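See structure below.
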Amino acid sequence: MQAQNRRPRRGAEGPVYGMRVEKKVTPPDSATLARRDSIYAADSVRRADSVAMLGKSSLERPAFSAARDSIIQDFSNGKRLIYYYGDVSVKYQDMELKAEYMEYDMKSGTVFAKGVYDSTAAEWVGRPVMTQGNKTYNMEEVRYNFNSRKAIITNMITTEDDGILHGQNIKMMDDESINITKGKYTVCDADHPHYYLALTNAKVIRNPSQKTIFGPAYMVIEDVQIPFLGL
257 MQAQNRRPRR
267 GAEGPVYGMR
277 VEKKVTPPDS
287 ATLARRDSIY
297 AADSVRRADS
307 VAMLGKSSLE
317 RPAFSAARDS
327 IIQDFSNGKR
337 LIYYYGDVSV
347 KYQDMELKAE
357 YMEYDMKSGT
367 VFAKGVYDST
377 AAEWVGRPVM
387 TQGNKTYNME
397 EVRYNFNSRK
407 AIITNMITTE
417 DDGILHGQNI
427 KMMDDESINI
437 TKGKYTVCDA
447 DHPHYYLALT
457 NAKVIRNPSQ
467 KTIFGPAYMV
477 IEDVQIPFLG
487 L
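Quick note: the sequence shown uses this note's numbering, first residue 257, plus one each step.
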């Protein structure tokens with residue numbers, strides 16, 4: 257049987273064997289490339305965050321709850337911010353923080369928390385409450401770093417040695433000690449104490465044993481300073 261001639265007849269349709277077919281490809285314009293780069297960069301950030309988070313155990317990374325109102329992510333221009341609106345909490349090791357509003361910076365490992373002013377009720381709601389071990393701290397606002405375990409707090413109230421300790425400016429250290437400027441120590445449980453010992457500065461030490469050390473102090477009764485007591 258003779259082999260068939262595979263050469264196509266003149267005018268017949270079909271590929272020509274042994275010939276190279278070139279396809280013209282239009283290169284993408286700069287706008288398309290920029291969009292691809294932006295998508296790739298954002299996707300890379302998300303993948304890097306996911307890998308970094310998966311590399312830590314559940315006790316080594318902060319665990320945020322779902323917010324009541326909304327959660328907004330902002331990864332634009334190199335930022336890695338997450339905003340939580342409405343009754344949110346976060347747990348990290350032995351620390352738990354609750355507030356009406358939180359802002360989490362994934363790059364610095366810092367969370368900022370504060371309350372929200374309710375104009376209808378004419379009052380603040382959801383101001384931060386932090387618990388650590390067996391201690392509870394009520395505050396106006398706080399900035400807490402998960403990596404260093406340090407915090408900067410504004411207007412804090414906590415119980416201390418059977419009394420109530422107020423502080424206007426507070427630094428919480430990684431050993432759970434706190435440094436206070438413009439403090440008040442009292443047993444009056446009013447938001448604005450009727451009497452208190454005004455502390456120019458103080459330090460509360462937790463470990464190895466609990467004690468409070470303070471500098472110059474004076475007694476205040478009904479907002480009237482009592483003559484210096486020599487403390």
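The beta-carbon is built from N, C-alpha and C at its ideal position, and this holds for glycine as well. On a predicted model such as this, the values are computed, not experimentally measured, just so you know.
So, under 8 Å CB-CB, residue i and residue j are touching, yes? Tell me the CB distance rounded to an integer number of Å.
i, j, result
"residue 327", "residue 340", "6 Å"
"residue 401", "residue 366", "5 Å"
"residue 477", "residue 451", "5 Å"
"residue 389", "residue 350", "6 Å"
Using a Cβ-Cβ cut-off of 6 Å (strictly less than) and excluding sequence neighbours within five positions of residue i, which residues of its own chain qualify?
i, result
"residue 397", "370 and 410"
"residue 380", "371 and 373"
"residue 342", "323, 324 and 325"
"residue 407", "398, 400 and 428"
"residue 362", "336"
"residue 321", "344 and 345"
"residue 462", "432 and 433"
"residue 318", "346, 348 and 402"
"residue 360", "338 and 367"
"residue 457", "437 and 471"
"residue 329", "338"
"residue 394", "385 and 413"
"residue 387", "352"
"residue 375", "none"
Going by other Cβ atoms of all chains shown within 10 Å of its Cβ, with 16 needed for buried, is residue i buried or exposed?
i, result
"residue 422", "buried"
"residue 356", "buried"
"residue 382", "buried"
"residue 439", "buried"
"residue 384", "buried"
"residue 449", "buried"
"residue 436", "buried"
"residue 426", "buried"
"residue 469", "exposed"
"residue 377", "exposed"
"residue 446", "exposed"
If you drop the 5 nearest sequence neighbours on each side, which residues of the same chain put their C-beta closer than 8 Å to that of residue i?
i, result
"residue 481", "454, 474 and 475"
"residue 419", "441, 442 and 443"
"residue 459", "433, 434, 435, 436, 468, 469 and 470"
"residue 464", "none"
Residue range of the beta strand (DSSP E) that residue i falls in?
i, result
"residue 396", "391–401"
"residue 482", "Premise fails: residue 482 is in no beta strand (DSSP E) and is neither H nor E."
"residue 326", "326–330"
For residue i, which residues of its own chain have a beta-carbon under 7 Å away from its beta-carbon, when the five flanking residues on both sides are left out?
i, result
"residue 404", "430"
Cβ-heavy atom distance between residue i and the ligand GDP below 7 Å?
i, result
"residue 473", "Although the ligand GDP was asked about, the structure shown includes no ligands whatsoever."
Starting from the N-terminal side, write out each stretch of the beta strand (DSSP E) that is 3 residues or longer and does not extend beyond the segment 403–472.
406–416, 419–428, 434–442, 451–461 and 467–470
Which parts of the segment 338–383 are runs of the beta strand (DSSP E), unbroken and 3 residues or longer, counting only runs that do not cross its ends?
351–361, 366–370, 372–374 and 379–381
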